[in-house]
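Visitor:
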Amino acid sequence: MTTLLVHDTTTPWHPTDPALDVTVGTGTLLDREVAVNRLRYDGGPAAAAEFAPAAPLDLTDWEELRLWIRADPPAHGTPQLPFYLALSYTDAQDSQGSEHRWFIPVNDADTWEHCPIGIGDDRRGAITRFRLETIGGTPFTAEVYQLRAVREEMLGDIERALVDALSGLRPPGLDRVPLLVSAAPGDQTVEPAYASGFAPGNRILLQGGQGPDEEHDVVQVTNGSLPGRTRLAFAADSPVRGGFPAGGSSVSVTVPVELAASDSATGRAVPRVEVSGTEVREDADRSGYARQRDSFRPSGPLTVCAVRPPARAYTADYRITVAGTDPGQRTAIHNGVLSRLSNDRPLWIDDMPAPVWMLPVPWWQECQETGPGPVRIRVGSRMQTGPREVLPLVRRSEVRAGRPDTPEDDEGMAPRP
Numbered sequence: 001m002t003t004l005l006v007h008d009t010t011t012p013w014h015p016t017d018p019a020l021d022v023t024v025g026t027g028t029l030l031d032r033e034v035a036v037n038r039l040r041y042d043g044g045p046a047a048a049a050e051f052a053p054a055a056p057l058d059l060t061d062w063e064e065l066r067l068w069i070r071a072d073p074p075a076h077g078t079p080q081l082p083f084y085l086a087l088s089y090t091d092a093q094d095s096q097g098s099e100h101r102w103f104i105p106v107n108d109a110d111t112w113e114h115c116p117i118g119i120g121d122d123r124r125g126a127i128t129r130f131r132l133e134t135i136g137g138t139p140f141t142a143e144v145y146q147l148r149a150v151r152e153e154m155l156g157d158i159e160r161a162l163v164d165a166l167s168g169l170r171p172p173g174l175d176r177v178p179l180l181v182s183a184a185p186g187d188q189t190v191e192p193a194y195a196s197g198f199a200p201g202n203r204i205l206l207q208g209g210q211g212p213d214e215e216h217d218v219v220q221v222t223n224g225s226l227p228g229r230t231r232l233a234f235a236a237d238s239p240v241r242g243g244f245p246a247g248g249s250s251v252s253v254t255v256p257v258e259l260a261a262s263d264s265a266t267g268r269a270v271p272r273v274e275v276s277g278t279e280v281r282e283d284a285d286r287s288g289y290a291r292q293r294d295s296f297r298p299s300g301p302l303t304v305c306a307v308r309p310p311a312r313a314y315t316a317d318y319r320i321t322v323a324g325t326d327p328g329q330r331t332a333i334h335n336g337v338l339s340r341l342s343n344d345r346p347l348w349i350d351d352m353p354a355p356v357w358m359l360p361v362p363w364w365q366e367c368q369e370t371g372p373g374p375v376r377i378r379v380g381s382r383m384q385t386g387p388r389e390v391l392p393l394v395r396r397s398e399v400r401a402g403r404p405d406t407p408e409d410d411e412g413m414a415p416r417p
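Taking full-length UniProt numbering, I'd label the letters of the sequence shown as residues 1 to 417.
Below, the structure is given as structure tokens:
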């Protein structure tokens, strides 16, 4: 795992003072409707909103905290537009005077902005509390979406995002088929209503029982001798674990999404979706040149920030194949893949949108494929190229130049003739 959801913002952080109002609402983040925490502060005494994990949180293996924010007014860290909101946390092993606190910048008012915070040099092995703190009494409104801990691994992150994006597909007619005979712990079979699409090799999901949902692989399907119902048999080492009453329980055929493996496909579920990486290359046109600046925090009388080289852009190509024996199911699942991956819909990787491009069939394969072939896509991503370096925050620098014979110069840079 390279990302950990610390708080999903479906529940409010708890304010420590009524001056800070925190509610849960819905916002639109690019192409998604998301649950957000809405903060309103009308000024006055300092206030904070807190979140305490159920158990001390170990973030030793993570290098960044990330959140999205949309706020008003802007906060640039200048006297005219000061920072007014900070994120902090407390670790159980902190010594007296230890502080883990960062200012949250707002470049443009009422615009969703991504806020990364480097925590690689901070103690973070047993975090007991997170806080959003007001600073300086500046009134503001803000929406905050999800706090995550992240450790970047570019290719692994892309593949995990593809699996997440394609999960949940169902063959037509095989979603929530009612269970007609109750299933008890230890049973090797279940009997849902008759459906012609059930087949050996299916991976099914049992829902509606007294315990958690269960997945099982089907090894045998019996139709015909059972009026109005189908019998699905499981392997001997995969019996039903909980109770699933008839009438309130259901059976669905799932479509697992698997990263293509080099070993034999024997025993793998059908239908399924296979994701195969084909090529990775650097994308110079999308690589920037400006150094990145984030992680603003107090350091004595100064405000410092973390600076690192620009991230290097890459593209990664993938082939997505629908495997199965039923042509109708393959076509329906193929349509489902196309509905979730397109040029106008980003792929969300650790809550960052990444561009997706659909690719044509390579010319040397055009005459070899019949029917819907694999879906070929290209995903744009980035890889960090250097560590963060902590430097004093320079709020503004200005360089002016002029010809030596410039007649007027308000900076005294050019001598008068």
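We treat Cβ as the ideally placed atom computed from N, Cα and C, and that holds for glycine.
In whole angstroms, what separates the C-alpha of A92 from that of V144?
Guide: Taking the first residue of the sequence shown as position 1, residue 92 is located at position 92. Taking the first residue of the sequence shown as position 1, residue 144 is located at position 144. About 26 Å.
Visitor: Rounded to whole angstroms, what's the CA-CA distance from G209 to G248? Just pull it up for me.
Guide: Counted from its first residue, the sequence shown places residue 209 at position 209. Counted from its first residue, the sequence shown places residue 248 at position 248. Rounded to whole angstroms, G209 to G248 spans 8 Å at the Cα level.
Visitor: Count the other CB atoms, across all protein chains shown, that sit within 10 Å of the CB of R291; report buried if there are 16 or more and exposed otherwise.
Guide: For this step, residue 291 is matched to residue 291 along the sequence shown. The residue is exposed, with fewer than 16 neighbouring Cβ atoms inside 10 Å.
Visitor: Give every residue of the same chain whose Cβ lies closer than 6 Å to the Cβ of L162, excluding the five residues on either side of it in the sequence, and list them in chain order.
Guide: Counted from its first residue, the sequence shown places residue 162 at position 162. Within its own chain, the residues whose Cβ lies closer than 6 Å to the Cβ of L162, once the five positions on either side in sequence are excluded, are V275, listed in chain order.
Visitor: Name the residue from A269, A313, R345 and D351 whose alpha carbon lies nearest to the alpha carbon of A323.
Guide: Counting from one through the sequence shown, the residue named residue 323 turns up at place 323. Of the candidates A269, A313, R345 and D351, the one whose C-alpha sits nearest the C-alpha of A323 is A269.
Visitor: With burial defined as no fewer than 16 other Cβ atoms inside 10 Å of the residue's Cβ, what is the status of S339: buried or exposed?
Guide: As a working mapping, residue 339 is identified with position 339 in the sequence shown. S339 comes out exposed.
Visitor: Under the three-state reduction of DSSP, which class applies to T11: helix, strand or coil?
Guide: Start at 1 with the first residue of the sequence shown, and residue 11 comes out as number 11. Correct three-state label for T11: coil.
Visitor: Which class does E143 belong to by DSSP, given the choice of helix, strand or coil?
Guide: Along the sequence shown, read from residue 1 onward, the residue named residue 143 stands at position 143. E143: strand per DSSP, three-state reduction.
Visitor: Which word fits T266, buried or exposed, when buried means at least 16 other C-beta atoms lie within 10 angstroms of its C-beta?
Guide: Taking the sequence shown and counting its residues from 1, the one referred to as residue 266 is at position 266. The predicted model places T266 with a pLDDT of 46, which falls under 50 and marks its position as unreliable; any figure quoted below should be read in that light. With fewer than 16 other CB atoms across the displayed protein chains lying within 10 angstroms of its CB, T266 is exposed.
Visitor: What do you reckon, are the CB atoms on V221 and L232 nearer than 8 Å?
Guide: On the sequence shown, residue 221 is found 221 positions in, with the first residue counted as 1. On the sequence shown, residue 232 is found 232 positions in, with the first residue counted as 1. Going by C-beta atoms, V221 is nearer than 8 Å to L232.
Visitor: List, from N- to C-terminal side, the beta strand (DSSP E) runs of 3 residues or more that fit wholly inside the segment 228-290.
Guide: 231-234, 250-254, 257-259 and 272-282
Visitor: My understanding is that L147 touches L85, with C-beta atoms under 8 Å, so please give their C-beta distance in whole angstroms.
Guide: For the purposes of this step, residue 147 is taken as the residue at position 147 of the sequence shown. For the purposes of this step, residue 85 is taken as the residue at position 85 of the sequence shown. Between L85 and L147 the Cβ distance is about 13 Å, and since that is not below 8 Å, they are no contact.
Visitor: DSSP three-state label for S196, please.
Guide: Locating residue 196 in the sequence shown gives position 196, counting from the first residue. Residue state for S196 is assigned as coil, using DSSP reduced to three classes.
Visitor: List the DSSP bridge partners of W68.
Guide: Along the sequence shown, one-based indexing puts residue 68 at 68. Paired residue(s): H114 and Y145.
Visitor: May I have the straight-line CA-CA distance separating I253 from A199, to the nearest angstrom?
Guide: Working through the sequence shown from its first residue, we reach residue 253 at position 253. Working through the sequence shown from its first residue, we reach residue 199 at position 199. Reading off the sequence, residue 253 comes out as Val, not Ile. Distance from the CA of V253 to the CA of A199, rounded to the nearest whole angstrom, comes to 10 Å.
Visitor: To the nearest angstrom, report how far apart R40 and L20 are at their CA atoms.
Guide: On the sequence shown, residue 40 is found 40 positions in, with the first residue counted as 1. On the sequence shown, residue 20 is found 20 positions in, with the first residue counted as 1. Answer to the nearest angstrom: the Cα atoms are 6 Å apart.
Visitor: For I119, which of helix, strand or coil comes out of DSSP?
Guide: As a first step, residue 119 is located in the sequence shown; it is residue number 119 there, counting from the start. Coil at I119, not helix or strand.
Visitor: Could you tell me the distance, in whole angstroms, from the CA atom of D164 to the CA atom of S250?
Guide: As a working note, residue 164 is residue 164 in the sequence shown. As a working note, residue 250 is residue 250 in the sequence shown. In a straight line, the C-alpha of D164 is about 23 Å away from that of S250.
Visitor: Would you say P346 and D121 are within 8 Å of each other, going by their C-beta atoms?
Guide: The residue given as residue 346 occupies position 346 in the sequence shown. The residue given as residue 121 occupies position 121 in the sequence shown. Against a cut-off of 8 Å, the Cβ pair of D121 and P346 comes out as no contact.
Visitor: Which runs of the beta strand (DSSP E) spanning at least 3 residues fall entirely within the segment 286-322, listed in chain order?
Guide: 292-299 and 302-308
Visitor: May I ask which residues mark the beginning and end of the beta strand (DSSP E) holding A354?
Guide: Here residue 354 refers to the residue found at position 354 of the sequence shown. First-last of the beta strand (DSSP E) with A354: M352 to A354.
Visitor: How would you write the range of the beta strand (DSSP E) that N37 sits in, first residue to last?
Guide: Position 37 of the sequence shown holds residue 37. Per DSSP, N37 belongs to the beta strand (DSSP E) from R32 to Y41.
Visitor: Taking C-beta to C-beta, are F244 and V218 nearer than 8 Å?
Guide: On the sequence shown, position 244 is the one that residue 244 refers to. On the sequence shown, position 218 is the one that residue 218 refers to. No.
Visitor: Using CA atoms only, rank isn't needed, just tell me which of D58, G300, Q188 and S167 is closest to P271.
Guide: Here residue 271 corresponds to residue number 271 of the sequence shown, with the count starting at 1. Taking only the C-alpha atoms, the option nearest P271 is S167.
Visitor: So, using beta-carbon positions, are R229 and P192 closer together than 8 Å?
Guide: By one-based count along the sequence shown, residue 229 stands at place 229. By one-based count along the sequence shown, residue 192 stands at place 192. Against a cut-off of 8 Å, the Cβ pair of P192 and R229 comes out as a contact.
Visitor: Enumerate in chain order the residues of its own chain whose CB-to-CB distance from N223 is below 6 Å, with the five nearest sequence positions on each side excluded.
Guide: Within the sequence shown, numbered from 1, the residue matching residue 223 stands at position 223. So the list reads T230, once near-sequence residues are dropped.
Visitor: Is it buried or exposed for H14, if we count other Cβ within 10 angstroms and need 16 for buried?
Guide: For this step, residue 14 is matched to residue 14 along the sequence shown. That one is exposed.
Visitor: Determine the closest residue to R388 out of V304, I320 and A47, with distance taken between C-alpha atoms.
Guide: Numbered from its first residue, the sequence shown carries residue 388 at position 388. Of the candidates V304, I320 and A47, the one whose C-alpha sits nearest the C-alpha of R388 is V304.
Visitor: Please work out which residues of its chain come closer than 6 Å, Cβ to Cβ, to A311, disregarding the five sequence neighbours upstream and downstream, and give them in chain order.
Guide: Numbered from 1 along the sequence shown, position 311 holds the residue referred to as residue 311. Counting only Cβ-Cβ distances below 6 Å, and skipping sequence neighbours, we find R382 and Q384.
Visitor: Contact check, D378 vs L359 under 8 Å by CB: the rounded distance?
Guide: One-based indexing of the sequence shown puts residue 378 at position 378. One-based indexing of the sequence shown puts residue 359 at position 359. Looking at the sequence itself, residue 378 is Arg, so the reference to Asp does not match. Sure, about 6 Å apart at Cβ, within 8 Å.
Visitor: Could you check the C-alpha separation between V181 and V34 for me, to the nearest Å?
Guide: Against the sequence shown, residue 181 aligns to sequence position 181. Against the sequence shown, residue 34 aligns to sequence position 34. For V181 and V34, the distance between alpha carbons rounds to 39 Å.
Visitor: What residue range is occupied by the uninterrupted beta strand (DSSP E) comprising V390?
Guide: Numbered from 1 along the sequence shown, position 390 holds the residue referred to as residue 390. Segment E389 to P392, the beta strand (DSSP E) holding V390.
Visitor: If you count every other CB in all the chains shown that lies within 10 Å of the CB of V6, and 16 or more means buried, which is it?
Guide: Taking the sequence shown and counting its residues from 1, one reaches residue 6 at position 6. The residue in question, V6, is buried, as its Cβ has 16 or more Cβ neighbours within 10 Å.
Visitor: CB-CB under 8 Å to D326, same chain, minus the five flanking residues each way: which ones, in chain order?
Guide: Counting from one through the sequence shown, the residue named residue 326 turns up at place 326. Within the same chain, and ignoring the five residues on either side of D326 in sequence, the residues whose Cβ sits closer than 8 Å to its Cβ are P171, G197, A199 and P271.
Visitor: One question on the structure: do L169 and G288 come within less than 8 Å of each other, judged by their Cβ atoms?
Guide: Indexing the sequence shown from 1 puts residue 169 at position 169. Indexing the sequence shown from 1 puts residue 288 at position 288. Their beta carbons are not under 8 Å apart, which means L169 does not touch G288 by this criterion.
Visitor: Can you tell me whether R281 is buried or exposed? The criterion is at least 16 other CB atoms within 10 Å of its CB, across all chains shown.
Guide: Counting from 1 along the sequence shown, the entry for residue 281 is found at position 281. Under this definition R281 is an exposed residue.
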